[in-house]
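These protein sequence lines are chains A and B, in that order. All letters in the first sequence, in the order written, are residues 1 to 452 by the working numbering. All letters in the second sequence, in the order written, are residues 1 to 452 by the working numbering. Backbone N, C-alpha and C define an ideal beta-carbon position, used for all residues, glycine too. Remarks on the structure that follows.
Number of protein chains: 2
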Amino acid sequence: MTRRTARDAPRAGLDVKTTRADPQPADFTDVRATNLAVVLRHLRANGPSSRAAIAASTGLNKATVSSLTGALLDQRLLRETGSSGNRIGRPGTALALDGSAYAAIGLQMTADRLTAVAVDFAGDQILLWHRHLDGAPATEAPPSHTPASASPASAPGAPASGGLAPGSRGGHATIRPGRMISALVALAQRAATRVRQQGRHVVGITVAAPGLISDDGTVQLSPSLGWENVDLRELLSGSLRRPGLDVTVTNHAGVAAIAELRHGDHAVKSDLTYVTGAAGVEAGIVVDGRLVHGSRGFTGQIGQFRLGPVGSPTLADLAGIEQLVRRALPGLTPAALTDLTPAVEQVANQARAGDPDTLAALQDTGCHLGQGLALLANLVNPEVIVLGDHYATLAEWILPSAEAELTRNTLAPSAGGTRLAASRLGLHAAALGGAVTHLDRIDTGALPAAAH
Amino acid sequence: MTRRTARDAPRAGLDVKTTRADPQPADFTDVRATNLAVVLRHLRANGPSSRAAIAASTGLNKATVSSLTGALLDQRLLRETGSSGNRIGRPGTALALDGSAYAAIGLQMTADRLTAVAVDFAGDQILLWHRHLDGAPATEAPPSHTPASASPASAPGAPASGGLAPGSRGGHATIRPGRMISALVALAQRAATRVRQQGRHVVGITVAAPGLISDDGTVQLSPSLGWENVDLRELLSGSLRRPGLDVTVTNHAGVAAIAELRHGDHAVKSDLTYVTGAAGVEAGIVVDGRLVHGSRGFTGQIGQFRLGPVGSPTLADLAGIEQLVRRALPGLTPAALTDLTPAVEQVANQARAGDPDTLAALQDTGCHLGQGLALLANLVNPEVIVLGDHYATLAEWILPSAEAELTRNTLAPSAGGTRLAASRLGLHAAALGGAVTHLDRIDTGALPAAAH
Chain A
1 MTRRTARDAP
11 RAGLDVKTTR
21 ADPQPADFTD
31 VRATNLAVVL
41 RHLRANGPSS
51 RAAIAASTGL
61 NKATVSSLTG
71 ALLDQRLLRE
81 TGSSGNRIGR
91 PGTALALDGS
101 AYAAIGLQMT
111 ADRLTAVAVD
121 FAGDQILLWH
131 RHLDGAPATE
141 APPSHTPASA
151 SPASAPGAPA
161 SGGLAPGSRG
171 GHATIRPGRM
181 ISALVALAQR
191 AATRVRQQGR
201 HVVGITVAAP
211 GLISDDGTVQ
221 LSPSLGWENV
231 DLRELLSGSL
241 RRPGLDVTVT
251 NHAGVAAIAE
261 LRHGDHAVKS
271 DLTYVTGAAG
281 VEAGIVVDGR
291 LVHGSRGFTG
301 QIGQFRLGPV
311 GSPTLADLAG
321 IEQLVRRALP
331 GLTPAALTDL
341 TPAVEQVANQ
351 ARAGDPDTLA
361 ALQDTGCHLG
371 QGLALLANLV
381 NPEVIVLGDH
391 YATLAEWILP
401 SAEAELTRNT
411 LAPSAGGTRL
421 AASRLGLHAA
431 ALGGAVTHLD
441 RIDTGALPAA
451 AH
Chain B
1 MTRRTARDAP
11 RAGLDVKTTR
21 ADPQPADFTD
31 VRATNLAVVL
41 RHLRANGPSS
51 RAAIAASTGL
61 NKATVSSLTG
71 ALLDQRLLRE
81 TGSSGNRIGR
91 PGTALALDGS
101 AYAAIGLQMT
111 ADRLTAVAVD
121 FAGDQILLWH
131 RHLDGAPATE
141 APPSHTPASA
151 SPASAPGAPA
161 SGGLAPGSRG
171 GHATIRPGRM
181 ISALVALAQR
191 AATRVRQQGR
201 HVVGITVAAP
211 GLISDDGTVQ
221 LSPSLGWENV
231 DLRELLSGSL
241 RRPGLDVTVT
251 NHAGVAAIAE
261 LRHGDHAVKS
271 DLTYVTGAAG
281 VEAGIVVDGR
291 LVHGSRGFTG
301 QIGQFRLGPV
311 GSPTLADLAG
321 IEQLVRRALP
331 GLTPAALTDL
341 TPAVEQVANQ
351 ARAGDPDTLA
361 ALQDTGCHLG
371 QGLALLANLV
381 NPEVIVLGDH
391 YATLAEWILP
401 SAEAELTRNT
411 LAPSAGGTRL
421 AASRLGLHAA
431 ALGGAVTHLD
441 RIDTGALPAA
451 AH
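This is the structure in C-alpha cells:
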C-alpha cells in the first residue's frame with residue numbers, strides 16, 4: 001500500500017488559490033472558520049510547523065493561532081509532534097495534521113472494475129482495494145449472466161455481481177445499474193467497516209464514474225457503462241446501512257485531476273489536465289487550481305472530438321484503450337476481454353518484446369491522442385497534461401508520437417509550454433481524488449461533527 | 001455614443017467570485033485595501049446604496065463603512081447622490097461610483113481597423129472612435145503604399161498609416177509593426193488628450209490584439225497581422241509622450257469576454273465564452289468568473305481546430321469571416337477588400353434580399369462554426385457562447401445552423417445547457433473590455449495615485 005503524506009501536496013497549488021482569491025470583508029461572522037481553514041491549509045501545504053511559524057507565515061497573531069490550534073487539537077484534526085518541521089521562529093513543539101480520527105472513502109467504477117481507497121485526514125492512503133466485475137466484457141454484452149453474491153461479507157478481490165443489461169451501447173460494456181449498485185454498496189460497507197475498526201470516523205464517500213454526472217449525483221449519460229438517467233447517488237444512499245453517510249457522485253476524470261494536483265509530482269501550481277483512458281477518453285481540467293465545472297458539470301468530454309466532419313471517427317474511436325487492445329491482441333475475442341487491466345499489461349509486454357504490430361498500434365494511438373490533446377493546449381494552455389491510468393502504463397510507447405502531434409497541432413511554439421507527463425498515481429487516481437475532495441471540505445473550516 | 005452604467009454589471013458575476021474565494025486570514029495587514037474593494041464591488045454590483053445598506057450587505061460594521069467611504073469620497077471614486085438606490089436600512093444619502101475623476105482607455109487592433117474606447121470609473125463609456133487602416137487589404141498584401149500621416153493631430157476617422165509588410169502570411173493581411181504602432185500611438189494620444197480635457201485622469205491603456213500575446217505584452221505570433229515576436233508593449237510605451245502611462249497588451253477575445261461578462265445582457269454568473277471573427281477565429285473563455293489564462297496566456301485558439309486529420313482545413317478556414325465574405329462577394333477582388341466591416345454589411349444586405357448563394361454561404365459558416373463550438377461545450381460546458389463582432393452582425397442567418405450542429409456534436413443532451421447568443425456590444429467589445437480590466441484594478445482596492 002503506497003503511503004502519501006500531506007507534504008506531497010504541492011504547496012503552491014494551495015497558495016495560488018489563496019493569492020488569487022477575491023477580497024472578503026475582514027469582520028465577517030465566519031472569521032473563525034476562515035482562520036481555521038488558513039491554519040489547516042498552511043499545515044497541509046508545509047507540513048509540521050510551530051505555532052510561531054504558523055503565525056509568521058499566515059499573518060495571524062499568536063494568540064489567535066493558539067486559540068485556533070487548541071480547537072483543532074481538541075477535535076483531533078491536529079497532533080503535537082516532537083520538533084518543528086521548519087526553521088521559522090524559535091524551535092518548539094510542532095503541530096501536524098492528525099490522521100487518526102477522520103478518513104474519507106473514494107470509490108471508482110468502470111464497467112469492468114471497482115476500486116476503493118480510503119485516505120485519512122493527514123493525507124495518508126490507508127486502504128486500497130480493487131474488484132474485478134466478473135463477466136462484464138469490455139467490448140460487448142454477452143448473454144444474461146448468473147448474478148454473483150454481493151453481500152457486504154464478500155471478501156475484497158472476490159468477484160462482485162456483474163449482471164448485464166440486455167443490450168450493448170456503442171460497442172461498450174453495459175452493466176445493469178442494480179447489479180453495479182449492489183457491488184458498490186458491498187465494497188463501500190466493507191471499506192467503511194475497516195476504517196471504523198481502525199478507530200476513524202468516515203466523513204464521506206465519493207463515487208467517481210465515467211460520463212456525464214449531474215450535480216445531484218445522477219449519471220445522465222455514460223456510454224461506457226451503457227447508462228442513461230441513473231440516480232446513482234440516491235440509489236446508493238438508500239442502500240447503505242448508515243443512510244446518514246455523506247455520498248457524492250462525480251465524474252472520474254475531474255477528481256483524478258484533483259488527485260494529480262495534490263499528490264502528483266508535476267510541480268504544477270494551478271493549470272493541469274488529466275486524461276483517462278479507463279472508460280472512453282475523458283479529461284479533468286483544472287484552471288487556477290480549481291476543477292472546471294461548467295454550467296452543469298458536463299466538462300472534459302474530449303473523446304467526442306471528431307477528427308473530421310460529422311460521421312468520421314471520434315478521438316475515443318481512434319485513441320481509446322479498448323480500441324488499442326483489440327488491435328494489439330487480435331486473438332482475444334470480444335467476449336473474452338472482460339478486464340482491461342490485464343489486457344493492457346499484455347500489450348505492454350508485447351511492446352517490451354518489440355512486437356512490430358503492437359508498436360505500430362501504440363504509435364498510432366499516440367498520434368491521434370496528441371492531435372486531441374492539442375485542442376486542450378490551444379484552448380486552455382495547461383502547464384501539463386497528465387496521461388492517466390492505462391495511458392500511463394503504456395506511456396513509454398505512446399508519449400513520443402503524442403508529443404510530436406501535440407506540438408505540430410498547437411499554434412504556439414513548443415505547444416505553448418504545455419508538457420505531457422505520465423501519471424504516477426496508478427489506476428486508482430479517481431478514487432484517491434474522490435476521497436481527497438471530501439477532506440477538502442474540512443480544510444475550508446467546516447469541521448466534521450465529533451467522531452462517533 | 002452608448003452609455004452603460006455600473007448597474008449593467010451582472011451582480012452575480014461579481015458575487016460568484018467572492019463566494020468561491022478561498023479563505024484569507026482576518027488580520028492580514030492589507031485589511032484596509034480588502035475592505036475598500038468590498039465597498040467598491042458592492043456599489044458596482046448594486047448601484048447607489050446608503051452607508052447602512054453597504055454595512056448590512058457586506059457584513060462590515062458601520063464605523064468601518066464610514067471610514068472607508070470617506071477615503072473613497074476624498075479620492076473622488078465615490079460621490080453622494082440624493083437618495084438611496086435600494087430599500088435596505090432607513091433611506092439616507094446614497095453613495096455611487098464617481099466617474100468624473102478617472103477613466104481608462106481600451107484600444108483594439110486588427111489588420112484593417114483600429115478602435116478606441118474610454119470608460120470612466122463609474123462604468124460609462126465616454127469615447128468611441130473607429131479608424132480604418134487605409135490600404136491594408138484583408139486578404140493579401142498589395143504593392144508598397146504611401147504612408148499616410150499619423151500625427152497625433154490627425155482627426156479621428158481619418159486614415160491612419162497603413163504601411164504594409166513585403167509578404168503576406170497565410171493569405172491574411174500583414175501590416176508592418178512600425179506603421180501600426182504609429183497609428184496606435186496617434187489614436188492613443190488623441191484619446192488620452194480628450195479624456196484629460198474632460199478633467200479625468202487616465203489610469204491606463206490596454207491594447208487588444210489578435211493572436212498569441214505573452215504576459216510581457218509581446219505579440220509572439222499573430223497570423224492575421226502577419227507578426228512574430230513583436231514587443232508591442234515596449235514599443236508603444238516608448239512612443240507615448242507620457243511614458244509614465246500604464247500600457248497593457250492582451251488578446252482581444254479574452255478582454256471581449258470580460259466586457260460581455262460585465263456589460264453584456266446574458267444573465268451569466270460565471271461561465272461564458274466569447275467568439276470573435278474579427279481576425280481569424282478566437283475565443284475568450286471565462287470560468288468561475290475569471291478569464292482562463294493558462295500556462296503562458298496562449299488560450300482560446302479555437303480557429304486551429306482541424307476538421308479532419310493533419311492537412312485538412314481548420315475551423316478558421318471553414319468558418320472565418322474573411323472566407324465567408326470572399327464566397328458571398330465573388331465580385332470583390334482580394335485587393336479591394338481592405339475593410340471587413342462594410343463587406344460584412346453588404347453580405348447582410350444580400351441575405352436580407354434573400355440571395356440564395358449568400359444564404360447558403362451563411363448556413364455553411366454556421367454549420368462549421370457549430371461543430372467548432374461543440375468542442376467548447378464538450379470541454380468547458382459554458383452557460384453561453386457569445387458570437388461577437390461580425391458573427392453578431394450576421395447572427396440572424398448563422399445561428400440556426402450553428403445551434404443545430406452544436407447540439408448534434410455535444411454529448412450532453414441539449415448541448416449540456418450551453419446557449420448560443422449574439423453579442424450586443426457591437427464591434428468594439430475588445431476595446432471596451434480592455435478599458436474595463438484597467439478599472440478592475442481599482443476595484444481590488446489598489447486606489448490610483450491622486451489625479452494630476
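Please go through the same chain and pick out, in chain order, the residues whose beta-carbon is closer than 7 Å to the beta-carbon of residue i, but skip the five residues on each side of it.
{"i": "A348 (chain A)", "result": "T393 and L394"}
{"i": "D440 (chain A)", "result": "none"}
Under the rule that 16 or more other beta-carbon atoms within 10 Å means buried, what is residue i, buried or exposed?
{"i": "G108 (chain A)", "result": "One point to set straight first is that residue 108 (chain A) is Gln, not Gly, in the sequence displayed. The residue is buried, with at least 16 neighbouring Cβ atoms inside 10 Å."}
{"i": "V247 (chain A)", "result": "buried"}
{"i": "R306 (chain B)", "result": "buried"}
{"i": "T193 (chain A)", "result": "exposed"}
{"i": "A360 (chain A)", "result": "exposed"}
{"i": "A449 (chain A)", "result": "exposed"}
{"i": "P382 (chain A)", "result": "buried"}
Report all residues from its chain with a CB closer than 8 Å to the CB of residue i; omit the five preceding and five following residues, and keep chain order.
{"i": "I181 (chain B)", "result": "L232, L235, L236 and S239"}
{"i": "R326 (chain B)", "result": "T139, L332, P334 and L337"}
{"i": "L43 (chain B)", "result": "A6, S49, I54, L78, L95, A96 and L97"}
{"i": "L399 (chain B)", "result": "G366, L387, L420 and A422"}
In chain order, what residues of the same chain have a beta carbon less than 6 Å from the beta carbon of residue i, not counting five sequence neighbours either side?
{"i": "L72 (chain B)", "result": "L78"}
{"i": "V230 (chain A)", "result": "P177 and V219"}
{"i": "E405 (chain B)", "result": "C367, G370 and Q371"}
{"i": "T407 (chain A)", "result": "A415"}
{"i": "V292 (chain A)", "result": "I285 and T299"}
{"i": "L40 (chain A)", "result": "D443"}
Is any beta-carbon of chain A found at less than 8 Å from that of residue i?
{"i": "P313 (chain B)", "result": "no"}
{"i": "I285 (chain B)", "result": "yes"}
{"i": "N378 (chain B)", "result": "yes"}
{"i": "L221 (chain B)", "result": "yes"}
{"i": "Q301 (chain B)", "result": "yes"}
Measuring only between beta-carbons, confirm whether residue i sits less than 8 Å from chain B.
{"i": "Q75 (chain A)", "result": "no"}
{"i": "P382 (chain A)", "result": "yes"}
{"i": "N409 (chain A)", "result": "yes"}
{"i": "D271 (chain A)", "result": "yes"}
{"i": "R262 (chain A)", "result": "no"}
{"i": "Q304 (chain A)", "result": "yes"}
{"i": "A256 (chain A)", "result": "no"}
{"i": "S237 (chain A)", "result": "no"}
{"i": "G70 (chain A)", "result": "no"}
As a quick exercise: from the options, pick the residue whose alpha carbon is nearest that of residue i.
{"i": "L459 (chain A)", "options": "B:S414, B:G416, B:V380 and B:P210", "result": "Because chain A in this structure spans residues 1 to 452, residue 459 (chain A) falls outside the shown range and cannot be described."}
{"i": "S67 (chain B)", "options": "B:S100, B:N46 and B:R32", "result": "B:R32"}
{"i": "D364 (chain A)", "options": "A:L36, A:I321 and A:V436", "result": "A:I321"}
{"i": "G434 (chain B)", "options": "B:R262, B:I302 and B:R296", "result": "B:R262"}
{"i": "S295 (chain A)", "options": "B:V384, B:L329 and B:A319", "result": "B:V384"}
{"i": "V281 (chain B)", "options": "B:H266, B:Q75 and B:I302", "result": "B:I302"}
{"i": "G82 (chain A)", "options": "A:A118, A:G354, A:T93 and A:Y274", "result": "A:T93"}
{"i": "E396 (chain A)", "options": "A:V310, A:T115, A:Q350 and A:A52", "result": "A:Q350"}
{"i": "V275 (chain A)", "options": "A:Q346, A:G354, A:T341 and A:H390", "result": "A:H390"}
{"i": "A429 (chain B)", "options": "B:A186, B:L373, B:A118 and B:L212", "result": "B:A118"}
{"i": "H438 (chain B)", "options": "B:R190, B:V249 and B:A183", "result": "B:V249"}
In terms of DSSP beta bridges, what is residue i paired with?
{"i": "I213 (chain A)", "result": "A:V219"}
{"i": "Y274 (chain B)", "result": "B:G284 and B:V386"}
{"i": "I105 (chain B)", "result": "B:A118 and B:I205"}
{"i": "S182 (chain B)", "result": "Paired residue(s): none; S182 (chain B) is not in a bridge."}
{"i": "S312 (chain A)", "result": "S312 (chain A) pairs with nothing; no bridge assigned."}
{"i": "H130 (chain A)", "result": "A:T115"}
{"i": "L420 (chain B)", "result": "B:I385"}
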